[in-house]
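Step one of this worksheet: look at the structure below.
Chains as they are written, first to last, in the numbering used here: chain A, 153 to 205; chain B, 95 to 406.
Okay, structure coming up:
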């Protein structure tokens with residue numbers, strides 16, 4: 153039985169890897185979006201008293 | 095035959111991305127997403143769309159992770175029941191260890207991320223929900239008592255409370271009532287399924303009510319829980335999340351649901367078997383619509399409220 157380079161197994165592994173890559177890219181986008189929202193609306197700004205000191 | 099021969103059996107068993115995704119029980123996840131979204135949008139505090147989107151996503155991931163842990167623990171039962179034989183573990187595509195690793199990792203990930211994205215209380219409530227579903231329901235109640243689905247139903251009822259907590263950071267009467275709606279809905283929904291699933295649960299040794307107490311008792315229970323559910327569902331119309339749209343929806347749906355439950359209660363097994371459990375199946379179908387439309391009505395009230403149309 154010949155071993156083909158493009159076996160069905162390889163396609164499935166590629167699909168799995170591409171799927172995981174897309175999930176990770178999506179996660180990065182979510183974290184980036186959350187960071188932008190939280191920083192721009194001032195969630196992480198120090199209290200006024202801290203700035204004055 | 096040579097040493098270089100390929101083991102084709104192993105190849106066909108290797109999981110694809112979709113098999114891992116199936117571990118997360120996508121259909122259950124869609125209910126979690128919808129009810130959590132309604133809980134979030136019905137809350138009296140506005141949430142930034144990005145935070146709302148991320149929170150719902152993390153709630154969905156947490157719900158999916160608990161599904162993976164459920165499949166890890168119940169792999170032996172799933173292999174016996176026809177309804178679950180094609181799941182990734184019994185079909186041999188994913189190993190139990192993989193399911194456990196994915197379930198634990200995603201559970202921790204989802205709770206931490208929800209805590210960071212929304213607030214710590216929402217993250218903690220999601221953690222408790224996963225604990226309740228996996229430990230209290232799956233590991234303890236499911237194989238021990240015929241009340242498994244009654245108490246265990248609480249796990250599926252938490253998502254609207256988590257959605258509400260994302261917006262408000264706490265719990266209120268309205269969020270507890272949304273919890274109660276799903277909690278009271280779960281037993282009649284599941285018992286109707288049990289009636290026409292025949293011997294699946296019996297074969298798997300799961301002490302569902304119809305296995306331990308018989309189908310007559312199950313029919314009685316469906317009617318009682320449907321009547322109790324109607325009180326909760328209609329009563330919710332007069333709270334902060336209710337209004338005329340919700341009241342109309344609740345009255346119509348509960349009327350239909352009670353009629354269905356009475357019809358199931360009046361039948362015996364011979365009659366049901368003769369028509370292929372037609373009434374039980376239609377009651378089960380209606381139960382899906384029931385929950386979707388009740389939460390849909392809550393969503394409609396919340397969406398129309400800013401225009402002076404929703405709510406009382």
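Yeah, the Cβ is synthetic: ideal placement off N, Cα and C, and Gly gets one too. Here the structure is a predicted model, which is why all the values come from computation and not from measurement.
Inset, instruction - Work out the CA separation of residue 220 (chain B) and residue 191 (chain A) for me, nearest whole Å. - result: The sequence position of residue 191 (chain A) within the first chain is 39, counting from 1. The sequence position of residue 220 (chain B) within the second chain is 126, counting from 1. One C-alpha to the other measures close to 25 angstroms.
Inset, instruction - Could you have a look at residue 226 (chain B) and say whether DSSP puts it in helix, strand or coil? - result: Counted from its first residue, the second chain places residue 226 (chain B) at position 132. Helix.
Inset, instruction - Provide the residue span of the alpha helix (DSSP H) that contains residue 293 (chain B), from first to last. - result: In the second chain, the residue the question calls residue 293 (chain B) occupies position 199. Counting along the chain, residue 293 (chain B) falls outside any alpha helix (DSSP H), and DSSP gives it neither H nor E.
Legend entry - Segment limits, alpha helix (DSSP H) that includes residue 266 (chain B): Counting from 1 along the second chain, the entry for residue 266 (chain B) is found at position 172. From DSSP, residue 266 (chain B) is part of no alpha helix (DSSP H); its letter is neither H nor E.
Inset, instruction - Report the rounded CA-to-CA distance for residue 399 (chain B) versus residue 271 (chain B), giving the unit in angstroms. - result: Position 305 of the second chain, counted from the first residue, corresponds to residue 399 (chain B). Position 177 of the second chain, counted from the first residue, corresponds to residue 271 (chain B). Distance between the alpha carbons of residue 399 (chain B) and residue 271 (chain B) is about 19 angstroms.
Inset, instruction - Give a yes or no on whether the minimum CB-CB distance between residue 176 (chain A) and chain B is below 8 angstroms. - result: The residue given as residue 176 (chain A) occupies position 24 in the first chain. Chain B has no Cβ within less than 8 angstroms of the Cβ of residue 176 (chain A).
Legend entry - In chain order, each beta strand (DSSP E) run of at least 3 residues that lies wholly inside the region 106-171 of chain B: none
Inset, instruction - Might you give, ordered along the chain, the residues of its own chain that have their beta carbon closer than 6 angstroms to the beta carbon of residue 390 (chain B), omitting 5 neighbours on each side? - result: Position 296 of the second chain holds residue 390 (chain B). Cβ within range, chain order: n/a, list empty.
Legend entry - Residues from the region 130-150 of chain B in contact with chain A, defined by Cβ distance under 7 angstroms: 142, 144, 145, 148
Inset, instruction - From the DSSP output, in three-state form, read off residue 362 (chain B) for me. - result: Taking the second chain and counting its residues from 1, the one referred to as residue 362 (chain B) is at position 268. Coil.
Legend entry - Cα-Cα separation, residue 166 (chain A) to residue 201 (chain B): Start at 1 with the first residue of the first chain, and residue 166 (chain A) comes out as number 14. Start at 1 with the first residue of the second chain, and residue 201 (chain B) comes out as number 107. Those two C-alpha atoms are separated by around 26 angstroms.
Legend entry - chain B within 8 angstroms of residue 171 (chain A), Cβ atoms only: Taking the first residue of the first chain as 1, we reach residue 171 (chain A) at position 19. Yes, its Cβ sits closer than 8 angstroms to a Cβ of chain B.
Inset, instruction - Please say whether residue 188 (chain B) and residue 114 (chain B) have beta carbons closer to each other than 8 angstroms? - result: Here residue 114 (chain B) is taken as the residue at index 20 of the second chain, counted from 1. Here residue 188 (chain B) is taken as the residue at index 94 of the second chain, counted from 1. A contact, by the Cβ cut-off of 8 angstroms.
Legend entry - Beta-carbon proximity list for residue 139 (chain B), same chain, < 6 angstroms, skipping 5 on both sides: As a working note, residue 139 (chain B) is residue 45 in the second chain. So the qualifying residues of the chain are 261, 262.
Legend entry - Positions along the region 110-125 of chain B whose CB lies within less than 7 angstroms of some CB in chain A: 110, 111
Legend entry - Stretch pair the region 184-198 of chain A + the region 153-168 of chain B: three plus CB contacts closer than 8 angstroms: no
Inset, instruction - Please state if the CB of residue 232 (chain B) and the CB of residue 168 (chain B) are separated by a distance shorter than 8 angstroms. - result: Within the second chain, residue 168 (chain B) is the residue found at index 74, counting from 1. Within the second chain, residue 232 (chain B) is the residue found at index 138, counting from 1. Yes, the pair counts as a contact, with Cβ atoms nearer than the cut-off.
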